[in-house]
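Working notes for the structure below.
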Amino acid sequence: MSAPELVDAAGYISDESDFYGDEKMQKKLEREVTKSTKRPRDVTETPFTKAMAKRIKLDSESPALPTPSPTPEVRPKPPMTVLDFLKSRPQVAAMQDPRVNALHPLDGPPTPPEETKDTDLVPATTHYDAASSWQWSEPILAFLRRCPVTDPQTQTRSGWLWVQNPKIQYSHSKHQEKEDLPTFKERGNNLLEVFMTKKAACEKAFPTHQPGSITRKMGIERAKLETDIRSLAIETHVTCGKWLLFATESDVARVWRLVAEATATGKLGHTSKVATFDSSSPTRVICVYTYDFTDQEDVRRVLDGLVELDLVSRDSSKGIYYKCDAWTYLQLNSGNEYKIKASMYGSGEMLGAPPKSKAAKKSTEPATKPGKKAADSTDKGGTLDGFLF
Numbered sequence: 009m010s011a012p013e014l015v016d017a018a019g020y021i022s023d024e025s026d027f028y029g030d031e032k033m034q035k036k037l038e039r040e041v042t043k044s045t046k047r048p049r050d051v052t053e054t055p056f057t058k059a060m061a062k063r064i065k066l067d068s069e070s071p072a073l074p075t076p077s078p079t080p081e082v083r084p085k086p087p088m089t090v091l092d093f094l095k096s097r098p099q100v101a102a103m104q105d106p107r108v109n110a111l112h113p114l115d116g117p118p119t120p121p122e123e124t125k126d127t128d129l130v131p132a133t134t135h136y137d138a139a140s141s142w143q144w145s146e147p148i149l150a151f152l153r154r155c156p157v158t159d160p161q162t163q164t165r166s167g168w169l170w171v172q173n174p175k176i177q178y179s180h181s182k183h184q185e186k187e188d189l190p191t192f193k194e195r196g197n198n199l200l201e202v203f204m205t206k207k208a209a210c211e212k213a214f215p216t217h218q219p220g221s222i223t224r225k226m227g228i229e230r231a232k233l234e235t236d237i238r239s240l241a242i243e244t245h246v247t248c249g250k251w252l253l254f255a256t257e258s259d260v261a262r263v264w265r266l267v268a269e270a271t272a273t274g275k276l277g278h279t280s281k282v283a284t285f286d287s288s289s290p291t292r293v294i295c296v297y298t299y300d301f302t303d304q305e306d307v308r309r310v311l312d313g314l315v316e317l318d319l320v321s322r323d324s325s326k327g328i329y330y331k332c333d334a335w336t337y338l339q340l341n342s343g344n345e346y347k348i349k350a351s352m353y354g355s356g357e358m359l360g361a362p363p364k365s366k367a368a369k370k371s372t373e374p375a376t377k378p379g380k381k382a383a384d385s386t387d388k389g390g391t392l393d394g395f396l397f
């Protein structure tokens, strides 16, 4: 392929060409050049350049802004060590707070330990003499062999054999310290006297009425008397009570061993006792104590423990009863002249058993010989350290 031919420009441009404009344009340009008092017009000036020139003028007339300080030099952080990381933790930072002196020696005595809680176990403060009670330094079986319950020769001053747990709840130990038995007895007997005075007035007002009618008429006063005695017992901290078990002479050794071992290991109440041999009574009473008759949860716990030992049946109509010491101190036994019920709780109602018939109730009464006081009387003493039957 042949090279392309170039266009020859000869004849198209010459010195006579009107490249600088015609004659009129040339004169105009010459006039502008000769004007020394005026700024020569920039042929390249445009609307954009005019606007920029105006903005530059305004900026130069405005007050100057402070010159920002130079950006500080940013140096790379050194690598964090394990110790630095631990110090950065908020827990450690809080401990290093000058207001916290946990890491510094104390100027004064050390902070006392946390206050003992009510449910914490503490050593028992009372104990019984070695002749009639289990000593904490001996095995429980050694005590049972040392004081055999079926042996007629096993006699004590109070007529009872005792087993006390070496540990009691802190709240119970403080409760014992507040007991005011003399005040309870004095004010309690006054309440009984007031009731008997009202009863005598009722009998005088209705001389022809039968005793049963008088008893019914005194119902409101009797309920008030019972409530007042209970409130007085709580006020004076005379609140111990016990579940009553009755065992035959042939079975008392087995029952007492179960109760004694369970009491020593903390599975029942804090204290238990059994009546010593008595040739005039075919049954033996065993008392399993609780500290507070108002604490029905603890009363039920001890009852459940007796059920677990197979000493009380959940389904049998033959139940056991709970009596508080306050009633015993005021001699409110079965058949008392105030017609106040001697027991406070029954296992049947507490365990949800069906109510017993009157015949069944009679069959559960402990047998006593004529002239022999009921088993819940105070003829056997039973006043050791305030625990009564």
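Under our numbering, the sequence shown has 228 at position 220, and the numbering climbs by one with no breaks.
Beta carbons: idealized from backbone N, C-alpha and C, even for Gly.
The structure displayed is predicted, hence computed values, not measured ones.
Ala-255 and Asp-188 have their C-alpha atoms roughly 33 Å apart. Only residues of its own chain outside the window of five on either side were considered, and among them Asn-173 and Lys-175 have a CB closer than 7 Å to the CB of Gly-274, listed in chain order. For Pro-147, the closest C-alpha among the options Ile-228, Thr-302 and Ala-270 is that of Ala-270.
Per DSSP, reduced to three states, the secondary structure at Gln-339 is coil, with no helix or strand assignment. Residue state for Leu-189 is assigned as helix, using DSSP reduced to three classes. For Val-282, the beta-bridge partners assigned by DSSP are Leu-169 and Ile-294. Within the same chain, and ignoring the five residues on either side of Thr-298 in sequence, the residues whose Cβ sits closer than 6 Å to its Cβ are Gly-249, Gly-277, Asp-306, Val-307 and Val-310.
For Pro-190, the closest alpha carbon among the candidates Ser-342, Leu-338, Tyr-353 and Asp-259 is that of Leu-338. Contiguous alpha helix (DSSP H) elements confined to the region 138-165 occur at 148-154, taking only those with 4 or more residues. In the structure shown, Leu-359 falls within a helical segment according to DSSP collapsed to helix, strand and coil. The closest CA to that of Ser-287, considering only Pro-160, Met-204, Gly-313 and Glu-194, is found on Pro-160. The three-state secondary structure of Ala-350, taken from DSSP, is coil.
Between Ser-145 and Leu-169 a beta carbon distance of about 17 Å is seen, past the 8 Å cut, so the two are scored as non-contacting. When Cβ pairs closer than 8 Å are counted between the two stretches, the region 344-356 is seen to touch the region 226-238, the count reaching three or more. Straight-line spacing of the CA atoms in Val-246 and Phe-192 works out to 7 Å. Going by DSSP, Gly-227 is part of the alpha helix (DSSP H) stretching over 227-243. When DSSP states are grouped into helix, strand and coil, Ile-176 belongs to the strand group. Straight through space, the alpha carbons of Ala-268 and Ser-280 are spaced by roughly 7 Å. Taking the C-beta atoms as reference points, Glu-229 is found nearer than 9 Å to Lys-206.
Taking the CA atoms as reference points, Gln-177 sits about 25 Å from Leu-359. Straight-line measurement puts the Cα of Glu-40 at about 16 Å from the Cα of Asp-30.
With fewer than 16 other CB atoms across the displayed protein chains lying within 10 angstroms of its CB, Ser-221 is exposed. Counting only residues of its own chain and dropping the five nearest sequence neighbours on each side, Pro-156 has a CB closer than 8 Å to the CB of Thr-162 and Ala-261. When DSSP states are grouped into helix, strand and coil, Lys-275 belongs to the coil group.
Boundaries of the alpha helix (DSSP H) harbouring Leu-311: 304-316, taken from the DSSP string. Of the other Cβ atoms in all chains shown, fewer than 16 fall within 10 Å of the Cβ of Asp-323; this residue is therefore exposed.
Take the alpha-carbon of Arg-224 and the one of His-217: they are about 11 Å apart. Annotation for Asp-300: Thr-247 place their beta carbon closer than 6 Å to its own, counting only its chain and skipping 5 residues before and after. In the structure shown, the three-state DSSP call for Phe-301 is coil. Boundaries for Gly-327: no beta strand (DSSP E) harbours it, and the DSSP string shows neither H nor E there. Residue burial annotation: Lys-186 is exposed, with fewer than 16 other C-beta atoms found within 10 angstroms of its C-beta. In the displayed model, Phe-203 falls within a helix according to three-state DSSP. Beta-bridge partners assigned by DSSP to Leu-37: none are found. The three-state secondary structure of Thr-216, taken from DSSP, is coil.
As far as DSSP is concerned, Thr-223 takes part in no beta bridge.
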